[in-house]
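Colleague: Residue numbers (my numbering), protein chains in the order written: chain A, 1 to 324; chain B, 325 to 631. The beta-carbon is built from N, C-alpha and C at its ideal position, and this holds for glycine as well. Predicted, not measured: the structure shown is a model, and the values here were computed from it. Take a look at this one; I'll ask things after.
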Amino acid sequence: MAILTYREALNRAMVEEMEKDPLIYLMGEEVGHYQGAYKVSQGMLDKFGEERVIDTPISENGFAGIGVGSAMVGLRPIIEFMTWNFSLVAIDQIINSAAKMNYMSGGQFPMPIVFRGAGGAGGRLGAQHSQAFESWYAHCPGLKVVCPATPKDAYGLLKSSIRDNNPTIFIESEVLYGSKGEVPDDEYTIPLGLGEIKRKGTDITLVTWSRALSFALEAAEILEKEGISVEIVDLRSLRPLDENLIYESVKKTNRAVVVEEGWPVAGFGAQISHLIQKNAFSYLDHPVERVTQMDVPMSYAANLERMSLPNANRVADTIREMLR
Amino acid sequence: MVLIRKFEEAAAKAYSVGKIGGFLHLYIGQEAVGVGSIAALTPHDYIVSTYRDHGHALARGLHPNPLMAELFGKATGISKGNGGSMHFFDKNAHFMGGHGIVGGHISLAAGIAFASKYKKEDSVTICFFGEGAANIGSFHEGLNLAAIWKLPVVFICENNHYAMGTPEYRALAVKDVSVRAYAYDIARDHIEGDEVRKVRDHVKVAVDRARRGEGPTLIEVSTYRFRGHSMSDPAKYRTKEELEAYKKKDPLMRARHELELGGLKPEELDQMELDIQTQIDDAYAFAESSPEPPLSQLHKYVYAEDK
Numbered sequence: 001m002a003i004l005t006y007r008e009a010l011n012r013a014m015v016e017e018m019e020k021d022p023l024i025y026l027m028g029e030e031v032g033h034y035q036g037a038y039k040v041s042q043g044m045l046d047k048f049g050e051e052r053v054i055d056t057p058i059s060e061n062g063f064a065g066i067g068v069g070s071a072m073v074g075l076r077p078i079i080e081f082m083t084w085n086f087s088l089v090a091i092d093q094i095i096n097s098a099a100k101m102n103y104m105s106g107g108q109f110p111m112p113i114v115f116r117g118a119g120g121a122g123g124r125l126g127a128q129h130s131q132a133f134e135s136w137y138a139h140c141p142g143l144k145v146v147c148p149a150t151p152k153d154a155y156g157l158l159k160s161s162i163r164d165n166n167p168t169i170f171i172e173s174e175v176l177y178g179s180k181g182e183v184p185d186d187e188y189t190i191p192l193g194l195g196e197i198k199r200k201g202t203d204i205t206l207v208t209w210s211r212a213l214s215f216a217l218e219a220a221e222i223l224e225k226e227g228i229s230v231e232i233v234d235l236r237s238l239r240p241l242d243e244n245l246i247y248e249s250v251k252k253t254n255r256a257v258v259v260e261e262g263w264p265v266a267g268f269g270a271q272i273s274h275l276i277q278k279n280a281f282s283y284l285d286h287p288v289e290r291v292t293q294m295d296v297p298m299s300y301a302a303n304l305e306r307m308s309l310p311n312a313n314r315v316a317d318t319i320r321e322m323l324r
Numbered sequence: 325m326v327l328i329r330k331f332e333e334a335a336a337k338a339y340s341v342g343k344i345g346g347f348l349h350l351y352i353g354q355e356a357v358g359v360g361s362i363a364a365l366t367p368h369d370y371i372v373s374t375y376r377d378h379g380h381a382l383a384r385g386l387h388p389n390p391l392m393a394e395l396f397g398k399a400t401g402i403s404k405g406n407g408g409s410m411h412f413f414d415k416n417a418h419f420m421g422g423h424g425i426v427g428g429h430i431s432l433a434a435g436i437a438f439a440s441k442y443k444k445e446d447s448v449t450i451c452f453f454g455e456g457a458a459n460i461g462s463f464h465e466g467l468n469l470a471a472i473w474k475l476p477v478v479f480i481c482e483n484n485h486y487a488m489g490t491p492e493y494r495a496l497a498v499k500d501v502s503v504r505a506y507a508y509d510i511a512r513d514h515i516e517g518d519e520v521r522k523v524r525d526h527v528k529v530a531v532d533r534a535r536r537g538e539g540p541t542l543i544e545v546s547t548y549r550f551r552g553h554s555m556s557d558p559a560k561y562r563t564k565e566e567l568e569a570y571k572k573k574d575p576l577m578r579a580r581h582e583l584e585l586g587g588l589k590p591e592e593l594d595q596m597e598l599d600i601q602t603q604i605d606d607a608y609a610f611a612e613s614s615p616e617p618p619l620s621q622l623h624k625y626v627y628a629e630d631k
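Here is the structure:
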């Protein structure tokens with residue numbers, strides 16, 4: 001088993017899929033000659049040429065639309081947003097075109113397109129470059145939303161996303177690109193909608209995805225020393241959602257907390273909290289809690305950024321409070 | 325053109341008695357643009373339309389029955405009742421949709437043309453939009469991308485001089501939309517849109533250019549809608565005199581006159597119009613008698629079937 005970084009795992013998934021299917025192409029700003037703003041597409045231009053690894057001008061709405069139009073006639077685009085922050089100028093194409101095309105045409109136009117790129121909060125990048133947008137996209141029926149937390153998951157989930165006939169929002173964590181992990185040598189895929197227990201425990205269920213998994217794991221380690229056993233559910237994809245995995249865990253632990261990188265108001269954690277109280281209410285010994293980013297834009301100042309983001313201590317404090 | 329006119333007159337009637345819901349944007353007055361443009365295409369070329377898509381769909385040769393049924397929200401509709409007036413789609417006819425967001429479809433059209441080039445097919449895509457859409461970012465991004473990659477696409481601006489209620493002089497920094505082609509170093513053309521054959525001949529030049537791999541063209545076709553922006557718009561922002569002046573240049577009258585000059589007798593033309601009216605009456609009856617979509621369809625099509 002190889003040790004790969006998160007970005008290498010993504011690269012390997014794209015390369016393998018493109019080698020198999022000539023209808024797949026990669027398009028975005030700096031994906032080719034620059035080798036990817038975050039180097040996720042390193043070496044792909046040499047391998048596939050300019051016809052399939054395509055640099056675009058700065059025009060997210062335009063090239064997202066190119067992707068959607070080309071998917072209408074059978075291509076399978078991978079559209080890279082340098083960061084998801086820039087996807088907002090393309091959100092019309094994602095929501096009004098990609099997410100709706102199959103439905104409003106009465107099933108005539110499947111939409112085999114992946115929108116992917118860096119999301120979440122980086123090292124002091126300030127208000128416009130540090131945002132987690134999965135809740136925005138998870139809001140919309142017609143889209144699938146995938147948020148891998150490990151190199152192994154990134155590889156298997158990206159391959160499934162590329163093979164899927166629906167528009168997939170694949171949000172990579174900017175701070176995880178360099179993180180390393182074991183990735184099996186043999187090819188594999190991870191079905192969208194299949195979460196994973198990343199740590200077994202008995203006292204409380206911690207539901208999370210993407211980078212927030214690292215806060216969760218760290219908090220679990222801290223709490224273990226205090227005799228608290230935390231079970232961690234990594235959803236991996238928000239749409240489709242592995243609801244049963246959450247309920248099964250809650251039935252065992254009787255408590256749940258959601259940890260996410262995004263804002264609290266109308267965030268995806270609110271949806272999970274609702275689902276748990278609706279479908280596992282009789283198993284709950286405590287209201288479902290949430291640990292999120294603070295309800296403010298991101299500050300540049302190092303101390304305020306730290307304070308704004310969720311972290312292991314906040315997770316641990318919340319859990320201690322719940323178990324008191 | 326007569327088919328479009330009569331189809332839409334029937335649709336207006338159905339709307340006024342509540343059989344059609346939502347928005348209903350009529351194409352009446354603009355028929356020569358769609359018919360002329362689409363006459364320049366082969367069956368394997370692609371058409372991308374706006375929310376004012378009935379005329380384009382009929383000009384493509386789609387049968388009026390499933391189109392009228394779509395307006396009625398019936399299971400037999402061209403988009404199975406999920407689309408409505410603004411969202412006609414027919415994959416087989418390469419009719420790539422009516423799209424409801426102004427201008428958003430311009431880059432989709434570039435994307436379809438991109439796919440033709442990618443797959444080394446010689447299909448050309450034509451994209452209709454109004455002069456109002458020429459001010460949105462998607463127009464500029466779509467044209468720029470089509471230009472730098474020399475995509476086989478023809479952008480056809482149907483300038484009917486009003487973006488809903490906003491006249492062009494209050495919205496466009498340049499009077500002639502087609503001069504914006506200079507900004508992207510692509511070919512341009514400007515046509516008066518009341519002569520159907522002239523529209524066809526001009527569009528054909530652009531389609532051939534695109535097919536030869538010489539890139540996109542921006543064509544402005546000056547036209548006029550006789551009705552309001554949609555059925556709910558009484559169009560009080562324009563004068564009666566203006567409307568009457570344009571009605572004197574009705575493209576249907578002009579086409580009829582030309583056909584008569586070409587040797588068709590008035591009674592032959594009258595008979596053709598009667599036949600078309602029968603066809604429309606049939607479409608109306610078909611739509612009216614068709615079933616609504618099954619309730620099980622509500623959740624169908626949100627996601628595509630697996631590969």
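Name the one or two DSSP bridge partners that M27(A) has.
Modeller: Paired residue(s): I54(A), I79(A).
Colleague: Please compile the residues from chain A whose C-beta is within a distance smaller than 7 Å of the C-beta of Y625(B).
Modeller: The answer, in chain order, is N102, Y103, G106, G107.
Colleague: Looking at the unbroken alpha helix (DSSP H) that takes in R255(A), where does it start and where does it end?
Modeller: No alpha helix (DSSP H) holds R255(A); DSSP gives it neither H nor E.
Colleague: What are the residues in the stretch 381 to 406 of chain B lying within 8 Å of chain A by C-beta distance?
Modeller: The residues in question are G401, I402, S403, K404, G405, N406.
Colleague: Assuming D518(B) contacts K573(B) under a Cβ cut-off of 8 Å, what Cβ separation, rounded to an integer in Å, is found between them?
Modeller: Indeed they touch by this definition, with Cβ atoms about 5 Å apart.
Colleague: Helix, strand or coil, according to DSSP, for Y375(B) in the structure here?
Modeller: Y375(B): coil per DSSP, three-state reduction.
Colleague: Considering D604(B), what are the terminal residues of the alpha helix (DSSP H) in which it resides?
Modeller: Strictly speaking, residue 604(B) in this sequence is Ile, with Asp absent from that position. Here the alpha helix (DSSP H) through I604(B) covers 590 to 613.
Colleague: So, at 8 Å on beta carbons, what are the nonlocal neighbours of N102(A) in its own chain, with the 5 sequence-adjacent residues on each side left out?
Modeller: Hits under 8 Å: Q108, F109, P110, M111, G142, N166.
Colleague: According to DSSP, simplified to helix, strand and coil, what is Y283(A)?
Modeller: Y283(A) falls in the helix class under three-state DSSP.
Colleague: Alpha carbon to alpha carbon, what distance is there between P148(A) and A154(A)?
Modeller: Computed Cα separation, rounded: 5 Å.
Colleague: From which residue to which residue does the alpha helix (DSSP H) around D234(A) run?
Modeller: Unbroken run through D234(A) is the beta strand (DSSP E), 230 to 234; no alpha helix (DSSP H).
Colleague: Are any of the Cβ atoms in chain B nearer than 8 Å to that of M82(A)?
Modeller: Not an interface residue.
Colleague: Taking just the CA atoms, how far does A471(B) sit from D509(B)?
Modeller: Distance between the alpha carbons of D509(B) and A471(B) is about 7 Å.
Colleague: Quick one: Cα of Y370(B) to Cα of G126(A), how far?
Modeller: In a straight line, the C-alpha of Y370(B) is about 44 Å away from that of G126(A).
Colleague: Mind checking which residues open and close the alpha helix (DSSP H) that includes E566(B)?
Modeller: 564 to 571 is the extent of the alpha helix (DSSP H) around E566(B).
Colleague: Quick check: is the beta carbon of K631(B) nearer than 8 Å to any beta carbon in chain A?
Modeller: Since pLDDT at K631(B) reaches only 49, below the 50 mark, its modelled position is unreliable, and the value read off the structure follows with that caveat. Output row for K631(B): interface = yes.
Colleague: How is the beta strand (DSSP E) around R512(B) delimited, first residue to last?
Modeller: 511 to 516 is the span of the beta strand (DSSP E), which, as asked, contains R512(B).
Colleague: How close, in whole Å, do the beta carbons of A364(B) and K528(B) come, if the pair is a contact with beta carbons under 8 Å?
Modeller: About 4 Å separates the two Cβ atoms, so the contact holds.
Colleague: To the nearest angstrom, report how far apart S59(A) and V175(A) are at their CA atoms.
Modeller: Cα to Cα, S59(A) sits roughly 25 Å from V175(A).
Colleague: Please go through the same chain and pick out, in chain order, the residues whose beta-carbon is closer than 6 Å to the beta-carbon of I54(A), but skip the five residues on each side of it.
Modeller: So the list reads M27, once near-sequence residues are dropped.
Colleague: Return yes when the Cβ of F268(A) is within less than 8 Å of the Cβ of L238(A), no when it is not.
Modeller: Yes. Within cutoff.
Colleague: Between I113(A) and I24(A), which are expected to be in contact by the criterion C-beta below 8 Å, what is the C-beta distance as a whole number of angstroms?
Modeller: The pair is not a contact, with the Cβ atoms about 10 Å apart (cut-off 8 Å).
Colleague: If contact means a Cβ-Cβ distance below 9 Å, which residues of the stretch 56 to 85 of chain A contact chain B?
Modeller: Under the 9 Å Cβ criterion, the stretch 56 to 85 of chain A contributes T56, P57, S59, E60, N61, G62, F63, A64, G65, I66, G67, V68, G69, S70, A71, M72, V73, G74, L75, P77.
Colleague: Would you call K631(B) buried or exposed, if buried means 16 or more other Cβ atoms sit within 10 Å of its Cβ?
Modeller: Its pLDDT being 49, under 50, K631(B) is placed unreliably in this model, and the coordinates cannot settle the point.
Colleague: Could you list which residues in chain B have their beta carbon closer than 7 Å to that of D92(A), in chain order?
Modeller: Those within 7 Å of D92(A) in chain B are I425, G428.
Colleague: Are there 16 or more other CB atoms within 10 angstroms of the CB of K404(B), so buried, or fewer, so exposed?
Modeller: Under this definition K404(B) is a buried residue.
Colleague: Bridge partners of I169(A), per DSSP?
Modeller: For I169(A), which the question treats as bridged, DSSP gives the partners F115(A), V145(A).
Colleague: How far does the alpha helix (DSSP H) with N416(B) in it extend, from its first residue to its last?
Modeller: Where N416(B) is concerned, there is no enclosing alpha helix (DSSP H), given that its DSSP letter is neither H nor E.
Colleague: Please return the same chain residues whose Cβ sits closer than 6 Å to the Cβ of S249(A), not counting the five positions on each side in sequence.
Modeller: Here the set comprises T205, E231, V233.
Colleague: Three or more beta-carbon pairs under 8 Å between the stretch 373 to 387 of chain B and the stretch 344 to 353 of chain B, yes or no?
Modeller: Yes, they touch.
Colleague: Could you tell me the alpha carbon to alpha carbon distance between E17(A) and S179(A), rounded to whole angstroms?
Modeller: E17(A) and S179(A): Cα-Cα distance of roughly 23 Å.
Colleague: Excluding sequence positions up to five away, which residues of its chain have a Cβ less than 7 Å from the Cβ of K330(B)?
Modeller: Answer for K330(B): I600, Q601, I604, listed in chain order.
Colleague: Who does C451(B) pair with in a DSSP beta bridge?
Modeller: DSSP, once it has assigned bridges, lists V372(B), F479(B) as partnering C451(B).
Colleague: If you check the beta carbons only, do G32(A) and E50(A) fall under 8 Å apart?
Modeller: Taking 8 Å as the Cβ cut-off, G32(A) and E50(A) qualify as a contacting pair.
Colleague: Only counting the same chain, and skipping five residues up and downstream in sequence, which positions put a Cβ closer than 6 Å to that of M72(A)?
Modeller: Correct list, in chain order: F109.
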